[in-house]
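Participant: Here the sequence shown stands for residues 8 to 222, numbered as in the working numbering. Here it is, the structure in full.
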Amino acid sequence: MDIVNPALNDYLLAHCTPADDVLRDLAAETRGALPGQAGMQITQDEGMFLTLLVRLTGARLAVEVGTFTGYSSICIARGLSAGGRLLACDVSDEWTSVARRHWERAGVADRIDLRIAPAAETLRGLPREETIDFAFIDADKTGYPVYYEELVTRLRPGGVIVLDNTLRSGRVVDPAAQDPADVAIRAINDTVAADERVESVLLPLRDGVTVVRKR
Ligand SMILES: C[S@@+](CC[C@H](N)C(=O)[O-])C[C@H]1O[C@@H](n2cnc3c(N)ncnc32)[C@H](O)[C@@H]1O
């Protein structure tokens, strides 16, 4: 299912702040070197959306779950306030080695702390205080319920969590779609919508992007 009509999509992309050379080169390198996985990378419009949200929340401490080759981490790191830090979580040394090179080129390497480990372990090891200003969840879909809970308890009031792929190409409304990722995304969508600790909106941006703000 196209979430956005393709003609409108081209128009949206043409009317959003363009990606700079670093992001364009990273997208091209990812497509060339990892054609089977490049579709996991977020796009120009979602990247700009993340940068804007990070700026608008005045975030100093951000967490990313699912770094891949680094597109979203560059977009988040660029939006941080002076002295801000991004904790980036992934399990792949290979993919994040591409990210590291592009963080250097983007001038944000000094504000990103990469942890190579299952994200649930990394998040559970963080202090339980409400110190996180911004978080982006874009990793294994079956992990979302755990990532959300670990992050929302550590989010400061007014802090924001963004969850990617919350429409699963429309499969959330197809009762025949029952793979574990589809089931997990329906579960987290229901959890977020009913969670009284937060206010939220599920946007038809790309593959579905949910924005959550802690009350
Ligand atoms: C959809 S990609 C992330 C795309 C990235 N946000 C971007 O903008 O390019 C998902 C990433 O999650 C990572 N991942 C999968 N399972 C994980 C886990 N249990 N803990 C941490 N990262 C995991 C994968 O290695 C992969 O790099």
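Note that beta-carbon positions come from the ideal geometry of N, C-alpha and C, so glycine has one too.
With distances taken Cα to Cα, identify the nearest neighbour of Glu53 among Ala89, Ser104, Asn12, Leu210.
Facilitator: Of Ala89, Ser104, Asn12, Leu210, the residue nearest in Cα terms is Leu210.
Participant: So, is the C-beta of Ala26 closer than 9 Å to a C-beta in chain B?
Facilitator: Protein chains in the displayed structure number just one, and chain B is not present.
Participant: Suppose the cutoff is 8 Å on Cβ atoms and the five residues either side in sequence are ignored; what does the same chain contact list for Arg92 look like?
Facilitator: So the list reads Arg67, Leu68, Ala69, Arg118, Ile119, Asp120, once near-sequence residues are dropped.
Participant: Judging by CA-CA distance, which residue of Thr64, Asn196, Gly73, Asp28 is the nearest neighbour of Ala126?
Facilitator: Nearest option by C-alpha distance: Gly73.
Participant: Please say whether Arg135 and Arg161 have beta carbons closer to each other than 9 Å?
Facilitator: Yes, these two residues count as a Cβ contact at 9 Å.
Participant: How about Arg122 and Leu87: do their beta carbons lie closer than 9 Å?
Facilitator: The answer is no: Cβ separation not under 9 Å.
Participant: On the three-state DSSP scale, how would you describe Thr58?
Facilitator: Looking at Thr58 - three-state DSSP - the assignment turns out to be helix.
Participant: Are Thr217 and Thr149 touching if we call contact CB-CB under 9 Å?
Facilitator: No. Outside cutoff.
Participant: Thinking C-beta only, is Ala35 closer than 9 Å to Val105?
Facilitator: No, these two residues do not count as a Cβ contact at 9 Å.
Participant: Give the straight-line distance between the Cα atoms of Arg178 and Arg85, rounded to the nearest whole angstrom.
Facilitator: Going by the C-alpha atoms only, they are around 33 Å apart.
Participant: When every heavy atom of ligand 1 is checked, does at least one fall within less than 8 Å of the C-beta of Glu71?
Facilitator: Within the cutoff, so yes.
Participant: Here's the rule I'm using: 16 or more other beta-carbon atoms within 10 Å means buried, otherwise exposed. How should Asp224 be labelled?
Facilitator: Outside the shown range of the chain (8 to 222) lies residue 224, about which nothing can therefore be said.
Participant: According to DSSP, Ile10 sits in a beta bridge with which residue or residues?
Facilitator: Ile10 is not bridged to any residue.
Participant: Using a Cβ-Cβ cutoff of less than 7 Å, which residues in the same chain neighbour Val167 once the five nearest sequence positions on both sides are dropped?
Facilitator: Taken in chain order, the residues that qualify are Leu60, Thr64, Phe141, Val218, Val219, Arg220.
Participant: As an exercise, report each continuous beta strand (DSSP E) stretch of at least 3 residues that is fully enclosed by the segment 122-159, in chain order.
Facilitator: If we require 3 residues or more, the beta strand (DSSP E) runs fully inside the segment 122-159 come out as 139-144.
Participant: Are there any heavy atoms of ligand 1 lying less than 8 Å away from the beta-carbon of Asp97, as far as the coordinates show?
Facilitator: Indeed, a heavy atom of ligand 1 lies less than 8 Å from the Cβ.
Participant: Thinking C-beta only, is Arg131 closer than 9 Å to Val159?
Facilitator: Cβ distance not < 9 Å, so Val159 and Arg131 don't count as in contact.
Participant: Within 10 Å of its beta-carbon, does Thr76 have 16 or more other beta-carbons around it, so buried, or fewer, so exposed?
Facilitator: The residue is buried, with at least 16 neighbouring Cβ atoms inside 10 Å.
Participant: Among residues of its own chain, excluding the 5 on either side of Arg175, which ones have a beta-carbon nearer than 6 Å to its beta-carbon?
Facilitator: For Arg175, where only same-chain residues beyond five positions count, the Cβ hits under 6 Å are Asp189, Ile192.
Participant: For ligand 1, any of its heavy atoms closer than 8 Å to the Cβ of Ile139?
Facilitator: Checking every heavy atom of ligand 1 against the Cβ of Ile139, none is found closer than 8 Å.
Participant: So Tyr78 and Gln48 are supposed to be a Cβ contact under 8 Å. How far apart are they, rounded?
Facilitator: About 5 Å; that satisfies the 8 Å criterion.
Participant: Would you mind giving the Cβ-Cβ distance between Asp214 and Asp171, rounded to the nearest angstrom? I have them listed as a contact below 8 Å.
Facilitator: The Cβ separation is near 7 Å, so the contact holds.
Participant: Ligand 1 and Thr58: does the residue's C-beta get closer than 8 Å to at least one heavy atom of that ligand?
Facilitator: No - ligand 1 has no heavy atom lying nearer than 8 Å to the Cβ of Thr58.
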